Amino acid sequence: MPADRSRLPEVGPDPPFRFPAIVRHRLANGLDVRTIEHHTVPVVSCVLQIQGGAGGDPPGEEGLAAITADMVDEGTGHLSAIDVSEGFARLGAEYDVEVGPDATLFSLTVLSRFAERGLSLLADILARPSLRGHDFERVRKLRLDRLRQLKDLPPAVAERAFLRLVYGDHPYGHLPIGTEAALRACRVERVAEFHAAAFSPARATLVLAGPLAHETLRALVAAAFSRWADDGPDGAAATAAAIDPPTLPRRLAIVPRAGAAQSELRIGHLSARRNTPDYAALLLMNAVLGGQFVSRINLRLREEKGYTYGARTGFDWRRGPAPFALQASVHTAATADAIRDTLAEFDAIRGARPPSDEEMALARASLTRGYPRNFETAEQVARSVAQLALYDLPDSYFQEFVPRVNAVERSDVVRAAERYVDAARATTLIVGDYQAIGESLPPLGYGEPQILPPDE
Amino acid sequence: MDSVSLPFARQTLANGLDVIVHEDHHVPIVAVNVWYHVGSKNERPGRTGFAHLFEHLMFEGSAHHNAGYFPPLQRAGAMLNGSTNTDRTNYWEVVPTSAVDLALWLESDRMGYLLPALTEQRFETQRDVVLNERRQNYENRPYGFAVMAIAAALYPDDHPYHWLTIGTADDLRAMRLEEVQEFFRTYYHPANASLTLAGDIDPGRAFELADRYFGELPAGARPEPVRPASAAAPGREVRLLLEDRVELPRLYMAWHSPAMFHDGDAELDLLADLLANGKASRLYRTLVYERRIALDVSAHQNSRELSSFFLLVATAAPGQSLTDIAAFIDLELQRTADEGPSEAEMERARAQIEAQFMYRLQTVGGFGGKSDQLNAYNIYRGDPGFFAADLARYRTATRESVREATHRYLGVDRRVVLSVVPRGQPSLALAGSEPVSVA
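Chains as they are written, first to last, in my numbering: chain A, 1 to 456; chain B, 457 to 895.
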């Protein structure tokens with residue numbers, strides 16, 4: 001039968017999707033353990049999530065959580081930093097650390113047959129890192145030098161300045177790497193204190209996914225992590241999420257970068273928390289507005305106007321109020337026009353141009369129809385389950401996601417946009433050639449731009 | 457030992473299109489992956505950047521779907537993308553099982569019927585997008601011109617690896633629509649392509665669908681392989697200097713090395729690992745951990761079809777000199793060329809490679825997933841089943857074969873050494889470096 005090219009083929013009904021069972025267990029030391037059977041290749045993935053990330057940095061100690069996380073694999077017991085690295089490498093293991101605003105996440109992916117050895121080494125470094133002074137000095141210097149290099153990287157400069165603009169002095173207002181002054185002042189004793197307080201099994205969640213039975217997975221965790229003593233302070237960690245961010249006026253700010261070929265842009269403001277009941281409506285709203293290739297803002301700035309290689313909007317989710325922002329790198333000459341177009345789209349979706357039926361259908365389908373592909377690897381599954389712990393979401397969350405998105409009406413999306421997206425509150429940050437674009441900025445209606453240095 | 461394998465079935469359609477199928481029913485998705493055996497190596501001086509710009513046009517519409525490719529595919533829940541390098545161009549979709557027909561319909565339509573939909577306006581827009589991509593990824597990025605300078609120095613002007621895939625801005629501006637049409641006729645047809653379906657589909661149905669959608673497309677002439685005049689290694693050390701908007705100087709060393717899958721290629725992969733992968737690696741340990749004169753160091757065997765290059769990169773710690781860094785690198789290279797790696801180093805590197813091969817089997821689609829690997833082996837080796845032989849290259853490498861490859865290819869007297877230094881501070885480069893200009 002030859003192809004019928006008179007129209008596109010119909011897409012059949014969505015294949016059924018079942019998220020695998022999550023089995024919970026708590027070790028005697030308080031560690032929250034969640035296991036998932038994931039039967040594909042002989043690979044297991046472990047994610048250990050510690051409550052309190054960069055948002056837990058005490059004022060003046062920005063970067064403490066991140067440098068502590070970095071020090072974890074710098075040796076344990078009689079093993080040096082080199083030995084630890086060698087230990088993982090000889091298993092072919094992939095060890096990684098991510099410091100977010102609300103949590104620090106250690107991940108390990110390893111062949112099933114090395115799971116026991118990999119987990120044992122992971123438990124040793126997490127629970128009993130050496131935290132030696134000379135290692136600390138080296139790691140701190142590398143981070144200070146990295147901070148210096150970031151001054152040349154427009155996206156990093158923009159990220160840093162934008163967080164500061166929208167959060168002010170709030171604990172979410174800095175990058176995990178911290179500030180130069182705070183890192184210079186940091187001492188290894190503080191790292192040890194921070195580790196003792198934050199790295200307690202009672203404040204951690206461990207997720208293990210792999211092609212093994214739950215009992216086997218659980219036994220692997222117990223064998224490696226039961227020795228982790230619960231000697232941290234009592235009670236939950238004080239979190240950034242519990243502190244209300246200040247209400248700041250919208251601003252236009254620029255970090256000058258003479259001769260830059262493009263302007264790096266951030267346009268947005270604080271919005272909702274990750275566990276808001278409006279979450280599904282916000283995902284749909286964002287998909288229409290700027291969250292995917294076929295969204296209003298990308299089509300306008302990239303395909304229609306040719307200003308950029310790509311423009312995206314999105315939420316930088318947190319337990320507390322998250323920023324909603326546009327990110328794009330636009331041709332210098334198009335800077336003011338790109339800002340104007342973005343703000344116009346922020347405005348339009350709230351009423352003048354609500355999502356059409358077609359846009360709603362596309363956004364809904366793009367979020368739901370391919371949903372199973374998010375859970376293909378053991379690591380994807382383990383990371384997803386760790387998110388449930390981070391945001392206090394139920395174990396049924398992934399199973400319920402598709403019906404929940406399908407239940408959102410267009411009016412819910414418009415209401416969510418009215419509530420959480422507002423051009424009149426949006427702060428605009430530019431990292432770009434001030435001399436070239438300066439004259440084009442006053443007509444945007446923000447008044448004179450605030451000039452920022454590249455490193456504050 | 458766990459078994460590491462990538463089973464498949466292959467058929468070739470009458471028009472020359474290779475169709476490869478791999479079953480994996482774990483998740484209800486199917487990866488559709490198409491490779492065209494064309495990349496920037498098929499371009500000529502004055503028309504660089506062509507293959508990549510063309511890739512952009514493949515998403516803009518075809519005769520029977522004369523509109524963007526993203527909307528219908530995203531509406532079906534697909535992820536999709538494409539990429540171009542020196543040797544090949546690939547396109548992929550990962551779709552729910554229910555949307556395989558749609559993906560194949562669209563892929564076949566743009567393979568067979570692109571030109572009627574290719575308008576001057578679409579061409580102009582995508583040219584602007586690509587110029588913006590170039591600004592974002594090269595012009596506005598620290599050290600963004602370094603590899604451009606290295607490629608230009610390693611290969612003569614008329615060698616197809618002399619320029620990067622992104623092309624020059626002048627060439628992109630000079631391109632004409634008629635040239636794009638000619639390019640399509642030469643390279644975009646079934647006999648120059650390979651189609652893989654991997655995932656929740658059985659081979660019978662997969663082959664039937666492939667034949668339904670692609671079988672009607674006319675066969676084209678298989679393009680002549682590119683045969684560059686020469687890519688002879690420089691007979692000396694070439695020292696270059698580039699001033700850039702950077703805080704810290706960075707050193708690049710590049711050597712010609714064996715082409716992808718040729719003798720010595722796997723050895724240099726292993727060498728890259730033992731030199732600079734992880735804290736226990738030789739150069740990280742010396743430069744960053746012990747002496748603390750560098751912030752980072754990386755090594756990579758850039759395996760390519762016509763010839764490869766091995767690249768070492770190290771960024772100086774503040775106040776440290778590139779000259780010292782170069783001296784320690786040379787010492788370590790000499791030691792490796794004389795004595796080879798230790799058995800412990802070989803075990804570690806092999807363990808990492810073995811694990812990587814297994815990790816590569818975790819996804820059906822996307823860049824580097826199983827469908828992409830099957831097409832890579834088919835296009836470069838004519839054998840989708842090359843997975844096992846590929847792994848065997850690493851298993852059979854020895855201390856002596858790594859030593860021999862280091863000795864043979866990484867001589868200090870035939871390489872390109874580039875110092876990238878902060879603007880206005882050329883004295884931070886290695887002595888005797890010649891300024892180069894790239895744009």
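All C-beta atoms in this analysis are idealised placements derived from N, C-alpha and C, irrespective of residue type, glycine included.
All figures in this text were calculated on a predicted structure; none of them were measured in a lab.
Near-chain A residues of the segment 469-501 of chain B - C-beta to any C-beta below 7 Å: His482, Val483, Pro484, Ile485
Inset, instruction - Could you please give the first and the last residue of the uninterrupted beta strand (DSSP E) stretch that includes A/Glu37? - result: 32-37
- Tell me B/Ser650's beta-bridge partners as DSSP assigns them. B/Asp474, B/Trp491
Checklist entry - Are any of the Cβ atoms in chain B nearer than 9 Å to that of A/Asp357? => result no
Check your understanding: What does B/Tyr708 pair with, by DSSP beta-bridge criteria?
Key -> B/Val769, B/Leu874
A/Leu362 and B/Pro527 - do their beta-carbons sit closer together than 9 Å? yes
Span of the beta strand (DSSP E) holding B/Val753?
750-758
Please go through the same chain and pick out, in chain order, the residues whose beta-carbon is closer than 7 Å to the beta-carbon of A/Ala311, but skip the five residues on each side of it.
-> Gly290, Ile297, Asn298, Leu301, Arg302, Leu326, Ala328
- Under the three-state DSSP convention, the category B/Trp619 falls into: coil
*asked:* Check whether the segment 791-807 of chain B and the segment 841-859 of chain B touch, using three or more Cβ-Cβ pairs below 8 Å as the test.
replied: yes
### Task
Please state if the CB of B/Val820 and the CB of B/Asp480 are separated by a distance shorter than 9 Å.
yes
Given A/Gln262 as reference, the closest of A/Gly306, A/Leu220, A/Met285 once Cα atoms are compared = A/Gly306
(request) Please report the Cβ distance between B/Glu830 and B/Ile781, rounded to the nearest whole angstrom; I am assuming they are in contact, meaning their Cβ atoms lie under 8 Å. (result) Here the sequence assigns Leu to residue 830 of chain B, which means Glu is not the residue at that position. No, B/Leu830 and B/Ile781 are not in contact; Cβ-Cβ is about 41 Å, not under 8 Å.
Are the CB atoms of A/Leu91 and A/Val47 nearer to each other than 9 Å? no
Checklist entry - In chain order, which continuous runs of the beta strand (DSSP E) of length 3 or greater are located wholly inside the segment 251-333 of chain A? => result 252-256, 262-270, 308-315, 323-331
Q: Anything in the segment 567-592 of chain B with a Cβ closer than 9 Å to a Cβ of chain A? List those residues in chain order, please.
A: Tyr569, Glu580, Thr581, Gln582, Arg583, Asp584, Val585, Val586, Leu587, Asn588, Glu589, Arg590, Arg591, Gln592
Is there a Cβ from chain B that is less than 9 Å from the Cβ of A/Arg369?
yes
Please list the segments of the alpha helix (DSSP H) lying wholly inside the segment 324-398 of chain A, counting only runs of 4 or more residues, in order along the chain. 335-348, 357-368, 378-390
Going by DSSP, what residue range makes up the alpha helix (DSSP H) through B/Gln582? 576-590
Less than 9 Å between the beta carbons of B/Tyr617 and B/Ala607, yes or no?
yes
Which of the three DSSP states is assigned to B/Asp667 in this structure? helix
Quiz prompt | Cβ-based neighbour list, A/Asp392, same chain, cut-off 7 Å, excluding 5 preceding and 5 following | solution = Asn275
- Does DSSP put A/Thr96 in a helix, a strand or coil? According to the sequence shown, residue 96 of chain A is Asp rather than Thr. Three-state result, A/Asp96: strand.
Rounded to the nearest angstrom, what separates B/Arg864 and B/Leu724 at their Cα positions? 11 Å
* **Buried versus exposed, by CB contacts within 10 Å (16 or more), B/Met457** => Note that B/Met457 scores 45 on pLDDT, short of 50, meaning its location in the model is unreliable and no value can be drawn from it.
Between the beta-carbon of A/His134 and the beta-carbon of A/Pro246, is there less than 9 Å?
no
Go through its chain and collect everything with a Cβ distance to A/Leu206's Cβ below 8 Å, but skip five positions before and after it.
Leu31, Asp32, Val33, Arg34, Cys46, Val47, Leu48, Gln49, Val221, Phe225
B/Ser461 to A/Ala223 span [Cα, whole Å]: 31 Å
**Report entry** Buried or exposed by the 16-neighbour rule on C-beta atoms within 10 Å, applied to A/Arg24
**Finding:** exposed
Q) Ordered along the chain, which non-local residues of its own chain (more than five positions away) have a Cβ less than 6 Å from that of A/Ala436? A) Thr332
CB contact check: B/Pro797 to chain A, cutoff 9 Å: no
| In three-state DSSP terms, what is B/Ile657? | coil
Cβ-Cβ distance between B/Ala832 and B/Trp548 below 9 Å: no
Item checked: DSSP-derived helix/strand/coil call for A/Ala103 -> strand
When DSSP labels each residue in this structure, what does A/Ala209 get in the three-state scheme? strand
**Asked** By how many angstroms is the C-alpha of B/Glu672 removed from the C-alpha of B/Asn471?
**Response** 8 Å
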